[in-house]
Amino acid sequence: MIELHFDVDGNDFTLAGECSSKVKKMLTQIGIAPAVIRKTAIAMYEGEINMVIHANGGKIDVMVEPEKITVILKDTGPGIKDIKKAMEEGFSTATNQVRELGFGAGMGLPNMEKYSDEMEIDTVLGEGTTVKMVFYCN
Amino acid sequence: MAENYWHSVILEKDFCKGCTTCLKHCPTQAIRIQNGKAKILKEHCIDCGECIRVCPYHAKKAVTDGFNILDNYKYKVALVPPSFCAQFSRTENIDLMLTALKYIGFDDVFEVARGAQRVSEETRKFVKEDEMPKPMISSACPAVVRLIAIRFPNLISNIVPFRSPMEISAVQARRDAVKKTGLRPEEIGIIFLSPCAAKATQIRNEVDSIEKCVDGVLSLKDTYLKMAQTINKINDSDIERLSISGSEGIMWALPGGEASASDTVRHISVDGIDNVIRIFEDIEDGKLDDIEYVEALSCIGGCVGGPLAAENCFVAESRLKRVCEGVKNTGAGIDNDVDVFWDKKIDYKPVMNLDDDVLVAMQKLMKIEEIYEDLPKIDCGSCGSPSCRALAEDIVRGYANETDCIFKLRERISDLVDKMTDLDKNHKMNSEE
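Residue numbers (my numbering), protein chains in the order written: chain B, 323 to 460; chain F, 32 to 464.
The following block contains the structure:
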């Protein structure tokens, strides 16, 4: 198993996507199927963006095994008030400022769920959110 | 399995000084310096020609056919891309430039802008049918298509399945020539005047395709040189009316020309191979799902910026725009029964794989990380690999050694010196006792 760890900087939008890029390159070198890499990269990128716009950054752990890829995104942000609502396409609590930047379209969590094979959300208001996503390689 | 793929870009060893210029500029990290000379890793090379552009010693070259290829055919047609006319200061007179081609060995000319116009027409229909994953990516630049095949397998299905303007123009040119001369198709030579190495590569690799399109390639530079010697000898009265293409097709030689003719509202026109890679990364990550069409050109400045062009791309752009001012938007095209759709399938060439066995590949990746951690991370290139990370990969792949890194070598020497000093000290102490 390969374990990777990333710290996501909450202050810089332009850096979001760096972690998913690195993971994408590594998965390609291992020979994971392109379609699986794409799903992982998209979902992980959405997760990174979420961390930046809602939680001022956080930590990402990626575990790569031949049969599956596990991504755990952990932040100490405000937590998610209503998970059901947050999973609705188009729902977003992002500020106008964030929306002006082209983010906050309310597709973050829905896309993460759509592209991952399994997803678990663990959230406590005022303490933070942990999202675990699993992608199967076959 | 090794693929039988021919590359136009080559190294002329005698000129190479083993400097790291090409190494640092290669967008696909396809170059290493070994034993003081550059070496191209064939599977990684996309024939973009960046190394040709940057090599200070002109050791990188594109192999094209040379003028004696004309001797193989009874009737020779120059397939002229729109970038051609921008090479000459007397651009405003396209007919003069085209006529000059008849003085250097060609019997006729055919403008690729006509094929470009046809591809634009088909693209406009195609984008409306809406069956392909978005954004659609143009297939016109062969370096870009090859880049997708080796590095962006997820984008293969986004490539518009059209033959390039060059290819359909070649089909039409041969047809016209057969009609005009009564010769057999194989007696006619369709020779492309290329601004780039990637087209030369594409042409040579497609010799086996069902309908052979282009018979040979000459570089714009070589053609320019020959024409420069003849052009002043042509009398005004001898200039033939040969230019019949429209500005829509001509503008394909510049960034944005193709995209704006696609009739899409949300399109991207990206030029320069590094920029193309960045855009493709974004498409792959789903960041550009709202874009309909992407025109991606390997060279900065588009085709007029090709590594085999004679003129500076900015000057060429200005000239080409002037040409277009005097030309109608739509000109002569291509017969409707010339098929635009291609018959080839683009396969993913996984050149980045460390091993066929995932487990072994994972072990190798961990080893790479371990070695990389210990390298200086200044990407100086002195080891012969383009970056510290690439050196770590090369070591694990068995192509390089840790002491190829001059910092590692210095460390090792310093260790050895310490050990020898100790040994010497012990030896002296022993002999004094």
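All C-beta atoms in this analysis are idealised placements derived from N, C-alpha and C, irrespective of residue type, glycine included.
For clarity, every value in this text was computed on a predicted model and none was experimentally measured.
Short Cβ contact (7 Å threshold) for residue 305(F) with residue 328(F): no
8 Å contact criterion, which residue 430(B) and residue 372(B) should meet: CB distance rounded: 5 Å
Proximity test, Cβ basis, 7 Å: residue 258(F) and chain B: no
Residue 147(F): first and last residue of the uninterrupted beta strand (DSSP E) it sits in: Element bounds for residue 147(F): not the beta strand (DSSP E) but the alpha helix (DSSP H), 143-160.
Proximal chain B residues relative to residue 319(F), where beta-carbon distance stays under 8 Å: Going along chain B, no residue has its Cβ under 8 Å from residue 319(F), so there is no contact; the nearest lies around 11 Å.
Residue 112(F) to residue 198(F) span [Cα, whole Å]: 11 Å
Rounded separation between residue 232(F) and residue 38(F) - CA only: 5 Å
Interface partners of residue 350(B) on chain F, CB under 7 Å: 383
Within-7 Å CB hit, residue 421(B) to chain F: no
Beta-carbon gap between residue 249(F) and residue 93(F) smaller than 7 Å: no
Residue-level contact to chain B via CB, residue 378(F), 7 Å cutoff: no
Cβ of residue 363(B) within 7 Å of any chain F Cβ: yes
Interface flag, residue 389(F) vs chain B, CB-CB below 7 Å: yes
DSSP state of residue 255(F) mapped onto helix, strand, coil: helix
Any 3 or more C-beta pairs closer than 8 Å across the stretch 424-441 of chain F and the stretch 354-367 of chain B: no
Residue 7(F) - DSSP class collapsed to helix/strand/coil: Since the displayed chain F opens at 32 and closes at 464, residue 7(F) lies outside it and no answer follows.
Neighbourhood of residue 292(F) by C-beta, 6 Å cutoff - its chain only, sequence neighbours within 5 removed: 151, 279
Pick from 99(F), 88(F), 71(F), 164(F) that is closest to residue 322(F), judged by C-alpha positions: 164(F)
Alpha-carbon to alpha-carbon, residue 41(F) and residue 228(F): 10 Å
Coil, strand or helix - residue 32(F) by DSSP: Interpretation of residue 32(F) is limited by its pLDDT of 40, a score under 50 that renders its predicted location unreliable; no figure is taken from the coordinates.
Residue 367(B) at chain F interface by Cβ criterion, 7 Å: yes
Neighbour flag for residue 405(F) against chain B, beta carbons, 7 Å: no
Neighbouring residues, chain B, relative to residue 316(F) (Cβ below 7 Å): 339, 342, 363, 364, 367
Residue 168(F) (DSSP reduced to helix, strand or coil): strand
Beta-carbon gap between residue 300(F) and residue 284(F) smaller than 7 Å: no
Residues of the stretch 181-193 of chain F whose Cβ lies closer than 7 Å to any Cβ of chain B, in chain order: 184, 185
Backbone CA spacing between residue 55(F) and residue 91(F) [nearest angstrom]: 14 Å
Nearest to residue 320(F) (by Cα), restricted to the options 186(F), 88(F), 109(F): 186(F)
CB-CB length for residue 108(F) against residue 265(F), believed under 8 Å: Not really, about 19 Å apart at Cβ, beyond 8 Å.
Extent of the continuous alpha helix (DSSP H) to which residue 177(F) belongs: 173-182
Pairwise C-alpha distance: residue 196(F) and residue 146(F): 4 Å
Residue range of the alpha helix (DSSP H) that includes residue 348(B): 340-352
Span separating the alpha-carbon of residue 118(F) from that of residue 260(F): 14 Å
Contacting positions in the stretch 46-70 of chain F - beta carbon closer than 9 Å to chain B: none
Span of the alpha helix (DSSP H) around residue 458(F): 437-463
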